[in-house]
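Only one structure is covered here, and it is reproduced in the block below.
Protein chains: 4
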Amino acid sequence: MPPPVDPRALEHCAQQIALAGRELGALGWTPATSSNFSMRLDATHAAVTRSGRDKGRLGANDILVVGLAGRVVGSDATPSAETALHVQVYRRFPAAGAVLHTHSRQQTVASRLFARAGVVRFEGWELQKAIAGTRSHEGVLELPVFPNSQDMADLERAVDGWLDAGKPLHGYLIDGHGIYAWGRDMPEARRHLEAFDFLLGCEMDLLRLEERRP
Amino acid sequence: MPPPVDPRALEHCAQQIALAGRELGALGWTPATSSNFSMRLDATHAAVTRSGRDKGRLGANDILVVGLAGRVVGSDATPSAETALHVQVYRRFPAAGAVLHTHSRQQTVASRLFARAGVVRFEGWELQKAIAGTRSHEGVLELPVFPNSQDMADLERAVDGWLDAGKPLHGYLIDGHGIYAWGRDMPEARRHLEAFDFLLGCEMDLLRLEERRP
Amino acid sequence: MPPPVDPRALEHCAQQIALAGRELGALGWTPATSSNFSMRLDATHAAVTRSGRDKGRLGANDILVVGLAGRVVGSDATPSAETALHVQVYRRFPAAGAVLHTHSRQQTVASRLFARAGVVRFEGWELQKAIAGTRSHEGVLELPVFPNSQDMADLERAVDGWLDAGKPLHGYLIDGHGIYAWGRDMPEARRHLEAFDFLLGCEMDLLRLEERRP
Amino acid sequence: MPPPVDPRALEHCAQQIALAGRELGALGWTPATSSNFSMRLDATHAAVTRSGRDKGRLGANDILVVGLAGRVVGSDATPSAETALHVQVYRRFPAAGAVLHTHSRQQTVASRLFARAGVVRFEGWELQKAIAGTRSHEGVLELPVFPNSQDMADLERAVDGWLDAGKPLHGYLIDGHGIYAWGRDMPEARRHLEAFDFLLGCEMDLLRLEERRP
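Structure representation (structure tokens):
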């Protein structure tokens, strides 16, 4: 039985996810078959990548349809355990249309480096304006770092805790693991992911150099 | 009403700008739809990229014609706010034919690192000779760093102040933001931009290593 | 006389090895004609790259058939001296189907940096799960570093010593030299190699930054 | 009047030089139209790149024929000032068939970092074996660093001084400038250049990390 979604919407999402996979894979952000990507299909479904595939070479069979509680529909295949974190974003952010989870080296290193502080605070970077709703380099943009866990419920609770405290959230790091970023559509999700990766790289370069500042 | 410029000149500039965008984008110098590029069309007009486009995938519709005071002609579209800085270069340097504004990570990190000093001084690098008019590695090449502002008039004043003091200017950094570089045509602007990026990378590598010099 | 192996198996392995060579070469992991790759052909033979070839441009003539004692069969050509280390893996790990030996800069630098300790201990990285049999980021994954020698028998003894002590082995570094990694087939060997390279890069980045941890 | 050399040899050299330019340019080793390449044509002539061209896009017109004293033959074009250093290699090393001069960032930074010591000493790296005649990682491979000068005669004297002292020479750095490397043919020159670049990168990484060695 095919999943109860518009087949053209599914086809369109699968193509955009495969393209994102090829381009992010070529940047080395999906090492060793890690990472996963998703897009919202409609009010109650999302398309998400299967576990363990090479994200640089995704085909139509590597995309599953899930309900927003995280259960696969129309297939016996197993989705990634991390599907729970993707659907959490769609539930909590009704405008979110695409979620990207990657593991570039600098995302991963930053997640360890800032784990004790629990947050990365970006300030004074023009590229903060790449995050939707940010209009100046003068404010502070926060990217939280949550402790890693093999139990997705722990991670869901950490995300809920941040949001329930009323703080803005555009993405998050998981300690030793990688980043989640999202947007209203795939181009905005890509722009947010790229901006966070760039800003993390800049922050760490500056940490290395700061004591030699002329 | 089409803009009052030679359509072949506009077509030619649009192609060169799109090519520069693809090549600089592939280097990662235009993260998250940032950066903008322009070329002089004639004594009173320039072609400049629209705001918010992916600079690696520019099409003919992504280029606007502006007068040298920065107003769009022949279109209702909004040019980048930073258009003001492009046309300032064309006004103050009659020989300038192309202006490139990019945000590579090392341009951005250097802009923060050297902001307090207000200038990067290159000395002893053979590649200083890539800047037009420089004939030896022995002189000092200065690249100023101006404070960032969301008000372009502040940045214009900083550039004017430097030039009115009679100091040579081949490009400049904006703190936390990126670089502007230009040349008599697109190849020279590319060569200048590439040389500054290379020299900034070298200076920062040397800062990291200097205390371990054998 | 052709080697006593299934010609289709040999052809299939040669293609997979050439593809791995092109892709790993493009990453800069096989500098200056270094590195070698192999695949198991059957219970008593393996296909291995010839010495001194550019690993990014391997042709059918650049693959030799060897017995599991390391002697070439069906050809007068000389295999790489390091063939001895490839066949040792096939003898000691009956499930191993592919062995990759590369020299990326970070593999090489890590091999020097951790030589005195004799081992790299990975802990707290989600990507440890890319190594077959690892289910959590919470355990410790060990990658030993053996002293370099131009006598392959010295290296074989070091590997045997580690295994005879009953410790798990998924790959190893050789001091100042590079890495060996393997898997049940080429995709798993590639995933293991990529995971070790990524983890080594992360560990070294963290070492550089740790004292500046916020 | 065409140059007095075998036109097929010239054509063959021009193709190899253009290919090297494209591949080294793509690595970022020829920034801002810097760098130059040459090949020996016969006992008394060499083919060398013209000054100021983009080394990633060399055409047939970008190659000049010079005698081994450095004078252009069969053309009115000006060769690179650095032609003097290319022909010096062909005069002093009768077996040399190709000379490559590039400016990768790590070649340039290393040239500054090791200028005071006047030499880089490589020891304990397996990749030293990529240099012709080196059979083990155990010896010391020396790469001298000569002071930069806009007068090529100064640089020629520095090279002659090293050689006249009876020391082996496989390449050299010029302070703040870049590297020269050569080989009996283009593949060997490429292998030597790639090995020196790799080893310089490894040495500098190790310098950065050494005090944190576990």
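Protein chains in written order, with this note's numbering: chain A, -15 to 198; chain B, -15 to 198; chain C, -15 to 198; chain D, -15 to 198.
In this text, a Cβ means the ideal position worked out from N, Cα and C, and glycines have one as well.
Cutoff 7 Å; reference residue 207 of chain B; Cβ partners in own chain excluding five residues on either side: Residue 207 of chain B cannot be examined here, being either before or after the span of chain B that is shown, -15 to 198.
Supposed close pair residue 72 of chain A, residue 184 of chain A - CB separation, criterion 8 Å: The residue you call residue 72 of chain A lines up with position 88 of the first sequence. The residue you call residue 184 of chain A lines up with position 200 of the first sequence. Not quite, the Cβ-Cβ distance comes to about 22 Å (not below 8 Å), so this is no contact.
Contact between the stretch 92 to 100 of chain C and the stretch 140 to 154 of chain C (3+ Cβ pairs under 8 Å): no
Local conformation of residue 205 of chain C per DSSP, three classes: Examination of residue 205 of chain C is not possible in this model, given that chain C is present from -15 through 198 alone.
Spatial neighbours of residue 169 of chain B in its chain, beta-carbon cut-off 7 Å, leaving aside the 5 residues before and after: Position 185 of the second sequence, counted from the start, is the residue given in the question as residue 169 of chain B. So the list reads 81 and 82, once near-sequence residues are dropped.
Per-residue DSSP class, three states only, for residue 21 of chain D: Numbered from 1 along the fourth sequence, position 37 holds the residue referred to as residue 21 of chain D. Strand at residue 21 of chain D.
Residue 15 of chain A at chain B interface by Cβ criterion, 7 Å: Locating residue 15 of chain A in the first sequence gives position 31, counting from the first residue. Answer no: the Cβ-Cβ gap between residue 15 of chain A and chain B never drops below 7 Å.
Residue 86 of chain C, enclosing beta strand (DSSP E) - first and last residue: Within the third sequence, the letter at position 102 stands for residue 86 of chain C. From DSSP, the beta strand (DSSP E) with residue 86 of chain C extends over 82 to 86.
Where residue 172 of chain C falls, given that 16 or more other Cβ within 10 Å makes a residue buried: In the third sequence, the residue the question calls residue 172 of chain C occupies position 188. Buried, by the Cβ-count rule.
Contacts that residue 20 of chain D makes with chain B (C-beta to C-beta distance below 8 Å): Within the fourth sequence, numbered from 1, the residue matching residue 20 of chain D stands at position 36. What residue 20 of chain D touches in chain B: nothing, since even the nearest Cβ is about 12 Å away.
Endpoints, alpha helix (DSSP H) assigned at residue -5 of chain D: The count along the fourth sequence starts at 1 and reaches residue -5 of chain D at position 11. Run containing residue -5 of chain D: -9 to 10, per the alpha helix (DSSP H) assignment.
Interface positions of the stretch 131 to 146 of chain B facing chain A (Cβ-Cβ less than 7 Å), listed along the chain: 132 and 134
Proximity below 7 Å, CB of residue 56 of chain D to CB of residue 63 of chain D: Taking the fourth sequence and counting its residues from 1, the one referred to as residue 56 of chain D is at position 72. Taking the fourth sequence and counting its residues from 1, the one referred to as residue 63 of chain D is at position 79. Yes, the Cβ-Cβ distance between residue 56 of chain D and residue 63 of chain D is below 7 Å.
Distance CB(residue 84 of chain B)-CB(residue 177 of chain B) smaller than 7 Å: On the second sequence, residue 84 of chain B is found 100 positions in, with the first residue counted as 1. On the second sequence, residue 177 of chain B is found 193 positions in, with the first residue counted as 1. It is a contact, given that the beta carbons lie within the stated cut-off.
Environment of residue -10 of chain A [buried if 16+ CB atoms lie within 10 Å]: Walking along the first sequence from the start, residue -10 of chain A turns up at place 6. Exposed: under 16 other Cβ atoms inside 10 Å.
C-alpha distance - residue 38 of chain A paired with residue -14 of chain C, whole-angstrom precision: The residue you call residue 38 of chain A lines up with position 54 of the first sequence. The residue you call residue -14 of chain C lines up with position 2 of the third sequence. Cα-Cα distance, rounded: 36 Å.
Alpha helix (DSSP H) segment containing residue 70 of chain C, residue limits: Numbered from its first residue, the third sequence carries residue 70 of chain C at position 86. It spans 67 to 76 - the alpha helix (DSSP H) in which residue 70 of chain C sits, taken as one unbroken run.
Nonlocal neighbours in the same chain, by C-beta distance under 7 Å from residue 76 of chain A, ignoring five residues either side: Reading the first sequence from its first residue, position 92 is the one you call residue 76 of chain A. Excluding sequence neighbours, residue 76 of chain A sits near 147.
Reference residue 15 of chain C, options C:174, C:134, C:143 and C:5, closest by Cα: By 1-based counting over the third sequence, the position of residue 15 of chain C is 31. Cα-wise, what sits closest to residue 15 of chain C is C:5.
heavy atom of the ligand ZN below 6 Å from residue 78 of chain C C-beta: The ligand ZN is not part of the structure shown, which contains no ligands of any sort.
Beta-carbon spacing of residue 18 of chain D, residue 87 of chain D below 7 Å: Within the fourth sequence, residue 18 of chain D is the residue found at index 34, counting from 1. Within the fourth sequence, residue 87 of chain D is the residue found at index 103, counting from 1. Yes.
Cα-Cα separation, residue -7 of chain D to residue 78 of chain D: The residue labelled residue -7 of chain D in the question sits at position 9 within the fourth sequence. The residue labelled residue 78 of chain D in the question sits at position 94 within the fourth sequence. C-alpha separation (whole angstroms): 18 Å.
Cβ of residue 189 of chain C within 7 Å of any chain A Cβ: What you label residue 189 of chain C is simply residue 205 of the third sequence in a count that begins at 1. Judged by the 7 Å Cβ criterion, residue 189 of chain C is in contact with chain A.
Residue 148 of chain B in three-state terms, based on DSSP: For the purposes of this step, residue 148 of chain B is taken as residue 164 along the second sequence, with counting starting at 1. Residue 148 of chain B: helix per DSSP, three-state reduction.
Below-7 Å beta-carbon distance, residue 108 of chain A vs any chain B residue: Position 124 of the first sequence, counted from the first residue, corresponds to residue 108 of chain A. Judged by the 7 Å Cβ criterion, residue 108 of chain A is in contact with chain B.
Assumed close pair residue 156 of chain B, residue 193 of chain B - CB separation to whole angstroms, cut-off 8 Å: Sequence index remark: in the second sequence, residue 156 of chain B carries index 172 (1-based). Sequence index remark: in the second sequence, residue 193 of chain B carries index 209 (1-based). Not confirmed; about 26 Å, so no contact.
Host beta strand (DSSP E) of residue 104 of chain A (start-end): Numbered from 1 along the first sequence, position 120 holds the residue referred to as residue 104 of chain A. Residues 103 to 107.
Residue 121 of chain B versus B:110, B:115, B:21 and B:-12, residue with shortest Cα-Cα distance: To locate residue 121 of chain B, count along the second sequence from 1; it is residue 137. If we check each option's Cα against that of residue 121 of chain B, B:110 comes out closest.
Below-7 Å beta-carbon distance, residue 124 of chain A vs any chain C residue: Working through the first sequence from its first residue, we reach residue 124 of chain A at position 140. Not closer than 7 Å to any Cβ of chain C, the Cβ of residue 124 of chain A fails to qualify, so no.
Partners in chain B for residue 120 of chain A, counting only beta-carbon separations shorter than 9 Å: By 1-based counting over the first sequence, the position of residue 120 of chain A is 136. 134, listed in chain order.
Proximity winner among A:142, A:186 and A:166, relative to residue 22 of chain A (alpha-carbon distances): The residue labelled residue 22 of chain A in the question sits at position 38 within the first sequence. Answer by Cα proximity: A:166.
Neighbour flag for residue 129 of chain A against chain C, beta carbons, 7 Å: For this step, residue 129 of chain A is matched to residue 145 along the first sequence. No, no contact with chain C.
Integer-rounded CB distance, given that residue 129 of chain C should sit under 8 Å from residue 106 of chain C: Taking the first residue of the third sequence as 1, we reach residue 106 of chain C at position 122. Taking the first residue of the third sequence as 1, we reach residue 129 of chain C at position 145. About 13 Å; that fails the 8 Å criterion.
Per-residue DSSP class, three states only, for residue 92 of chain A: Here residue 92 of chain A corresponds to residue number 108 of the first sequence, with the count starting at 1. Looking at residue 92 of chain A - three-state DSSP - the assignment turns out to be helix.
C-alpha distance - residue 134 of chain B paired with residue 158 of chain B, whole-angstrom precision: Reading the second sequence from its first residue, position 150 is the one you call residue 134 of chain B. Reading the second sequence from its first residue, position 174 is the one you call residue 158 of chain B. Computed Cα separation, rounded: 11 Å.
Counterpart residues of residue 48 of chain B in DSSP-defined beta bridges: Within the second sequence, residue 48 of chain B is the residue found at index 64, counting from 1. Looking at the DSSP assignment, residue 48 of chain B forms a beta bridge with B:32.
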